[in-house]
Amino acid sequence: MKKLNLDYKQLPLIATIILFIIMYAFGSFRYTGFFSSQVFLNLFIDNAFLIIVAVGMTFVILSGGIDLSVGSVIALTSMIAASLIMNAGLSPWIVIPICLLTGTLIGMGQGALIQYFNLQPFIVTLAGMFLARGLAYVISVETIAINHPFFSYMASGRIPIWGDNFISPSVIIAFVVVVIAVFVAHFTKYGRNVYAIGGNEQSALLMGLPVARTKVMIYTVSGFCASLSGLVFTFYMLSGYGLHANGLELDTIAAVVIGGTLLTGGSGYVAGSVVGVMILGIIQTVIVFEGTLSSWWTKIAIGALLLLFIVLQRVIVIRSKTKKGIISQH
Amino acid sequence: MQNQTPRLAMEGIVKEFPGVKALSDVNFQLFPGEVHALMGENGAGKSTLIKVLTGVYSIDGGTVTLEGNPIHVNSPLEAQELGISTVYQEVNLCTNLSVVENIFIGRQIMKKGRIDWKEMNRQADELLKRLNLNIDVTKLLSSYSVAMQQMIAIARALNVQAKVLILDEPTSSLDRDEVNQLFDVIRNLQKEGLAIVFVSHFLDQIYEISNRITVLRNGEWIGEYMTKDLPRLELVEKMIGKELNELTSISKGKGDEVQTEKRESFMEVENLSKTGNIQPFNLDIHEGEIVGLAGLLGSGRTELARLLFGADKPDTGEIKIKGVKKQLNSPKQAIANRIAFCSEDRKAEGIIPELTIRENMILAMQGTKGWFRFIPKKKQIEIADEYVELLNINPPNPEQLIKNLSGGNQQKVMLARWLITNPELLILDEPTRGIDIGAKTEIMKLMVSLSEKGMSILFVSSELDEVLRTCDKIAVLRDRKKVSEISNKDHKTQHDIMKEMAGGM
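From first to last, the protein sequence lines stand for chains A and B.
Using the numbering used here, the letters of the first sequence correspond one by one to residues 1 to 330.
Using the numbering used here, the letters of the second sequence correspond one by one to residues 1 to 505.
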C-alpha cells in the first residue's frame, strides 16, 4: 500500500471529512435524537443509489470528462423495470440484466462517440440525457407502481447489524460497488490509466497507455453504475416514472466535487465521493429535523458548498503552480 | 576507431512529405557506450530522423538495422519494445501521479491480480539509485523540479531494457547545475554500454558530452565526425553551409560608418536580462543604424528582441530611449515609443489569414489610434495602394485575402503594417525566412533605404551573408549570452562571425 503523504491535492478530501464531522456534531447538539446510529445509517439507506452513481461519475471526472446522462438513465431504468415487471409480467431475473445492459450500452455508445469522433463529453452526454429521458416517456407518461414480492423485499428488507440498527439490501449493493471501485482505482492498470489520462492525455498517449480503450470503458462503467443505481432507486421508490431522478446528474457531480475530485481531472478519490454524498444527505437530514425549513434550503446549502469547494480547488491549483515556478515558453 | 559492429545503423534514409524531401540519403550509426550528437539548424531534418527511427513517421527509403538485424518500426510503442526509448524536450509524464507510477505506468508489476506497489517502490528506488538519484519515489511528480522530472523520464525510458536512448533537447529548460546533474547520469549510462543519441543546440554541451557528431543540413547528410577532431568553427560552417549566393549587391553606402558613431543614439540598453532567456547584455542602437543580431538557433536572438519590444518582462537592467529612461512592460508601451516588431513566426503571430491585404496592413495603425477612431475607408485604400506599390506586393490588389499570397508577399504586408505606424526602431525577426531569393533581396534593399531615411533597424537573422550585407554592426549571441559586438567595417567575412558564434576556440 502506498504510504500516506499529505500534499495539496489531498486537502479537499480532508476538508470534506472535517466538514462532515462538523455538520454531524452541529446536528447532534441542536436536535435531540440526531445523534443516533440509525440516523447515521439512514444516510446510507436513503442515498445508496446516489453513492452508486457517484462512483461511476468519479471515474468520469477523474479522466477529465463529465456524464450528464446519469439522471435520465436512472429514470429510463426505473421505467423499463416497472413496465417489464408489471405490464409484461417478466421475472426479475430477466428484467434486472436487461436494465443493466441498457445503461451499459448507452454508456458505451457515449464513450465511443466521445473517443472516436473526438466530441466533447458535455455535448454527447447532454444528448444522451435527452434521449434517455425521452425514451422513458415513450414507455409511459404515467407512473407505474410496482407490486412484486422481490421488489417489496428489496424495498423494505431490513438487515440487522447491531442492536436495533439495520440497513437495507441496497446499502450492501452500494458497499460492494464502493469496495470494488476503490480496488479498481488503486490496484489495477485500468484505474491508474484513468488517473493518467486525467492528468495529461497527451502524455498518457506517448507513454503507450491504451487511452482509447480506457476512455470508452470509463463511460461504459458510468452507464452501468447509472442503471444499477436506477434499479436501487426503483427498489426505494417502488415505481417507475419518467420524472424520477430529475436533475440528479447535477447532484451527483456536486457530490463528487465536494468529495474532493478535481473537476479538471487527475486527482481525487472514490471514498471522497462517498463522503460527498454523505454531506448532501446530512444537509437534508438537518432540514428535516429543523422541521420548519423548506426543502429548497437543501439546494441553497449545496450551492454554497459547491462554490466553496470549487474556489478551494482553484486556490490549490494556483498554489501548486506557483510552487513549481512558472516555466517560460521559450 | 571502433571496429565493433554498430548497435544501430541507418543507411540511405529517405523521407518525403508532399512537395518536400525532408530527408534524402541520410546515414546514421550508433555504437554501444557512446554519446552521439545529432546537429543541424532548424529544418535540417534532425527531428524527422528521430521520428523515422521511433516509428512516428514511416520510412520512404533506406534501411535500419538494430544489432545487425533489419527492423521495421511502425509505432513508438514498437520502438520501445525493441529497446529504442526517447525522452523528449517537453517532459511527457503525468505530474498528478507519483514518481514510481510515472516510471512504471503501463507495465506495472502485478501480483495476484493487483498492482504490487511495494515491489514497484523497491524497483523504482533501485533504478533511480543507478542514476545516482536519491528521492522519495512515492511523492507526486509535480513536487520535483523540471530537471528531476527529466531524469525520471530517463528512468522510465531505461526501465524498458533500453538499448538505444534518444535525448531530444533534454537541456533546453535546465540551468547549469541541473545540466551537470543530467550529464553525470548520461556518463553513468554510457559506462554501462548504452548507446545514446543527443540532440541539443548548445555547442558547449555538445563538446562536453558527445564522442561523435553527425551533421545534417536541409535534409541532407553532411558528415560524421569524431568530436575531438572537429573544431567548433568547422562544425558551425558545416551546419550553416557556405552558400554565398551572388545576389545583386546591396550597397550600404560605404563611408557612412564614420558618421554612424556621431549619429544620435536612439536606444541604450544596459544590463538587461531575463533568467533562463538571456543573460545581462548592453546594446546601443543609433538612429539610422542597422544592427544585426547573429547567433545559432536557441542562442537567445528572439528572446533579446522580445525584451526590447516589451513582449517579455526583464528581470534586471534598464532601457533608455533618446537618453530618457523608459519602462517597456508591454508591446503597447513599446509601440507608444515608436518601436515596431515584425515577428519571426508570421503564421502564428502575424498575419490574420481571413482578412484582406488592406485590413492586415491597417491593423497596427488602428491599434495605435485606438479602436474608436476609425480610419476612413478612403484613407485606408490610399495607404494600402501606396504600400502595395512601394513594396511591390504581388498581386497588386489590396482587397485580395492575405492567405492567398506567397510567403514573401505576406512578409511584405507585415512589414507594411509596421511601416505605416512610422516607427523609429523596427525590429525584424527573421524577415527573410522561407521566402524566395527575389523577395529577400527586395526586403534587404528596403531596409537599407529606410535606414538611410533615419530609421533604426534591429535585424535578427540566421543568414550571415544577409547580416553582413546590410548591417552597420553585428551583435553575436551564443548560449543565451551576448558574446561580442562586431563593427561591420573592413571586409568582415562570415568566417569572422562564425568564429564568435562558435566560441571556445
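Think of the CB as a built atom: it goes at the ideal place given N, C-alpha and C, for glycine as much as any other residue.
Contact with chain A by residue i, beta-carbon distance below 7 Å
| i | result |
| --- | --- |
| residue 53(B) | no |
| residue 293(B) | no |
| residue 105(B) | yes |
| residue 115(B) | yes |
| residue 96(B) | yes |
| residue 93(B) | yes |
| residue 205(B) | no |
| residue 506(B) | Any question about residue 506(B) goes unanswered here, given that chain B covers just 1 to 505. |
Residue(s) in a DSSP beta bridge with residue i
| i | result |
| --- | --- |
| residue 221(B) | 216(B) |
| residue 69(B) | 66(B) |
| residue 114(B) | 111(B) |
| residue 286(B) | 265(B) |
| residue 160(A) | 166(A) |
| residue 240(A) | 144(A) |
| residue 13(B) | 26(B) |
| residue 168(B) | 199(B) |
| residue 356(B) | 401(B) |
| residue 61(B) | 14(B) |
| residue 226(B) | 212(B) |
Interface flag, residue i vs chain B, CB-CB below 7 Å
| i | result |
| --- | --- |
| residue 267(A) | yes |
| residue 192(A) | yes |
| residue 207(A) | yes |
| residue 203(A) | yes |
| residue 199(A) | yes |
| residue 187(A) | yes |
| residue 181(A) | no |
| residue 333(A) | One cannot answer for residue 333(A) here, as it falls past the ends of chain A, which runs 1 to 330. |
Boundaries of the beta strand (DSSP E) in which residue i is found, first to last residue
| i | result |
| --- | --- |
| residue 342(B) | 339-342 |
| residue 318(B) | 316-321 |
| residue 496(B) | No beta strand (DSSP E) contains residue 496(B), which is instead part of the alpha helix (DSSP H) from 494-502. |
| residue 85(B) | 84-87 |
| residue 239(B) | Unbroken run through residue 239(B) is the alpha helix (DSSP H), 232-240; no beta strand (DSSP E). |
| residue 325(B) | 324-326 |
Extent of the continuous alpha helix (DSSP H) to which residue i belongs
| i | result |
| --- | --- |
| residue 275(B) | It is not in any alpha helix (DSSP H) - residue 275(B) carries neither H nor E in the DSSP assignment. |
| residue 104(B) | 99-104 |
| residue 409(B) | 407-420 |
| residue 47(B) | 46-53 |
| residue 159(B) | 146-159 |
| residue 237(A) | 211-237 |
| residue 28(B) | Premise fails: residue 28(B) lies in the beta strand (DSSP E), 20-30, not in any alpha helix (DSSP H). |
| residue 207(A) | Taken as a continuous stretch (DSSP letters only), residue 207(A) belongs to no alpha helix (DSSP H), as it is neither H nor E. |
| residue 386(B) | 377-390 |
| residue 136(B) | It is not in any alpha helix (DSSP H) - residue 136(B) carries neither H nor E in the DSSP assignment. |
| residue 39(B) | No alpha helix (DSSP H) contains residue 39(B), which is instead part of the beta strand (DSSP E) from 35-39. |
| residue 87(A) | Here residue 87(A) belongs to no alpha helix (DSSP H), and DSSP marks it neither H nor E. |
| residue 313(B) | Residue 313(B) -> no alpha helix (DSSP H), and no H or E assigned at all. |
| residue 193(A) | 189-199 |
| residue 281(A) | 270-290 |
| residue 340(A) | This structure cannot speak to residue 340(A), because chain A is shown only from 1 to 330. |
| residue 133(A) | 121-139 |
| residue 332(B) | 331-336 |
| residue 250(A) | 248-258 |
If contact means a Cβ-Cβ distance below 8 Å, which residues of the region 70-87 of chain B contact chain A? 76, 77, 80
If we require 3 or more residues per run, which beta strand (DSSP E) segments fall completely within the region 50-83 of chain A? The region 50-83 of chain A contains no whole beta strand (DSSP E) run of 3 or more residues.
Complete runs of the alpha helix (DSSP H) confined to the region 184-216 of chain B [at least 4 residues]: 203-209
Against chain A, which members of the region 158-170 of chain B pass a CB distance test of less than 9 Å? Those residues of the region 158-170 of chain B that come within reach of chain A (Cβ to Cβ, closer than 9 Å) do not exist; the list is empty.
Curious, which full-length beta strand (DSSP E) runs of at least 3 residues does the region 427-481 of chain B contain? 456-460, 473-478
Determine which residues of the region 129-158 of chain A have a Cβ less than 7 Å from any Cβ of chain B, and write them out in chain order. none
Closer than 8 Å between beta carbons: that is the criterion. Which residues of the region 374-388 of chain B meet it against chain A? Against chain A - using a Cβ distance shorter than 8 Å - the region 374-388 of chain B contributes no residues.
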